[in-house]
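Adding 569 to a residue's 1-based position in the sequence shown gives its number in the numbering used here.
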Amino acid sequence: MKHTRRGLVLAAAVVGTFLASVDVTVVGTAMPTIVSQLGGLELFPWVFSIYLLTSTVTVPLYGKGADLFGRKPTYLLGVGLFVAGSVLCATASTMGQLVVWRAVQGMGAGGVIPITLTIVGDLYPAAQRAKIQGLFSAVWAISSIAGPALGAFVVEHWAWQWIFLINAPFGVLAAILMLLALHENIERHSRRLDLVGGALLTVATGSLMWAMLRGGDVGFDNPEVVGSFVVALVSAVALVFQERRHPEPMLPPALLTDRVVAVTCIAGVAMSGVIFGVSSYVPAFVQGPLGGSPTAAGTAIIPVGIGWPIGSNLTGWTLRRFGYRPSAIIGGCFLALSAVCFFTFGLDTPRWLVLATMLLVGLGMGFATTTLLIAAQESVSWQQRGAVTGLVQFSRTIGGAIMVAAMGAVLTTTLRHELGSSPELLDLANAVMDPQRRNSVPAESISLIRDALALGLGRVLLGVGLCGVAGLLAILAFPKGQKVGD
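Below, the structure is given as structure tokens:
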């Protein structure tokens, strides 16, 4: 890429990565306050699930679009949609509107991270690229730490709308830098995007998530829910046939025949349930059942951002010393230890245990995700490395979307069972999440609602722990004897 200013492109990539990564933790911290003001506690899970759905299903389309139309226009499209969705989120006056605008925001987010990684791969040779990946790991760590604190500060001192509006200047900056600094020669291709595959993927994933969330409201034997599961299954089968026959499939099926890639994707689905579940529901657990402030809710997941880069940095040594499988198992063991802690969470859980559990999660994710991604990339040829990286990222994101939807169904089902369908009690549940309104709730109702929230969120966090155990079990299936450089 002649005349490209790599320093400015890297700066744009870093800003864009921070923009997309910080959003998850900021919104998770602010959601209890948003629910207390907009109501709609029953739509709480959809604020996360719809974002994950749209950001997930667009990843393969963005990746193929970057190959056909160029990195820069595809990146600018993603950033532009993300900024537009963020501004629209700030205008929401109901939880339903917020869910719709989060869908738009997610459509943009689906293009930021994968195109950033593609651009870095174009500009830097392998040796330098390893250092750049370390930089992006640091960005993710900083966003994990800064996001909760930023969200808590904005909610307590400004207004929740600013957690979305603050994305706009950063997004514009990233777009301008990329527009001015990246120059590429685009070859014209006659091939088209796999739009049919994208549509089938959207229908399959959306139907599955809808069935799980709707099942929490009306029961999983409801004809509507059963029908959604059937639509998801039929769409998934059709997607498999579509990807096998398309010359440029979004999700190359042949890659999954490689055992390393298959284990990496399966473990990625499980581990994404851990990290997305923690980001989505631990702040609510701290602010609801434990009665903490928004600041306490935000700082609860900061140890994840501390443990993750520590684990990632130590991975370099464990890979050279022990190889892929032992290094990944170390991460899986940390996640299994965090699961033991999650299994004990309840109304009397001390804050230090929450913080220690989050540190274990961060260490586990740092070791496991870094090791498995490197192993998957090294198990295929250079010509397939981009495809396998996208497949791994997709499996992690789709796993997070499905797991969060399932956890949301568990929470909704539990709350409706414990509190009934009474609008008054559900409104009081919204108030219990807000420290400023909590004192206005009758004492007997507070006790009932806190018990219901503790039970529902406790079951959700039990699911988070089980995802960690599943991740370790998947890692144990990794082929033995592979050394770095084999």
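Think of the CB as a built atom: it goes at the ideal place given N, C-alpha and C, for glycine as much as any other residue.
Contact belief for residue 629 with residue 820 at Cβ below 8 angstroms, rounded distance in angstroms: 6 angstroms
Neighbour-count burial assignment, residue 946, 16 or more Cβ in a 10 Å radius: buried
Under the three-state DSSP convention, the category residue 641 falls into: helix
Residue burial classification, residue 615 (beta-carbon count within 10 angstroms, cutoff 16): buried
Inter-stretch contact (C-beta, 8 angstroms, three-pair minimum) for the stretch 838–856 and the stretch 964–981: yes
N- and C-terminal bounds of the alpha helix (DSSP H) containing residue 791: Run containing residue 791: none; DSSP gives neither H nor E here.
Same chain, Cβ closer than 8 angstroms to residue 1049, five either side skipped, listed in chain order: 894
Residue 942 to residue 1017 span [Cα, whole Å]: 45 angstroms
Per-residue DSSP class, three states only, for residue 919: coil
Among 975, 872 and 896, nearest to residue 921 - alpha-carbon criterion: 872
Residues of its chain near residue 916, where Cβ-Cβ distance is below 6 angstroms and the 5 sequence neighbours each way are ignored: 858 and 1023
Delimiting residues of the alpha helix (DSSP H) encompassing residue 914: No alpha helix (DSSP H) holds residue 914; DSSP gives it neither H nor E.
For residue 585 and residue 681, believed in contact at Cβ under 8 angstroms, the rounded distance: 5 angstroms
Whole-angstrom distance between residue 974 and residue 784, CA atom to CA atom: 11 angstroms
Cα-Cα separation, residue 1036 to residue 843: 6 angstroms
Start and end residues, alpha helix (DSSP H) containing residue 730: Taken as a continuous stretch (DSSP letters only), residue 730 belongs to no alpha helix (DSSP H), as it is neither H nor E.
C-beta contact flag for residue 940 and residue 884 at 8 angstroms: yes
Cβ-based neighbour list, residue 707, same chain, cut-off 7 angstroms, excluding 5 preceding and 5 following: 878
Status (buried if at least 16 other CB within 10 Å, exposed otherwise) for residue 1143: Nothing can be reported for residue 1143: it is not among the residues displayed for the chain, which extend from 570 to 1055.
Simplified DSSP state of residue 754, which is helix, strand or coil: coil
Spatial neighbours of residue 733 in its chain, beta-carbon cut-off 6 angstroms, leaving aside the 5 residues before and after: 655, 658 and 659
Straight-line gap, residue 899 to residue 736 (C-alpha atoms, nearest Å): 36 angstroms
Buried or exposed by the 16-neighbour rule on C-beta atoms within 10 Å, applied to residue 626: buried
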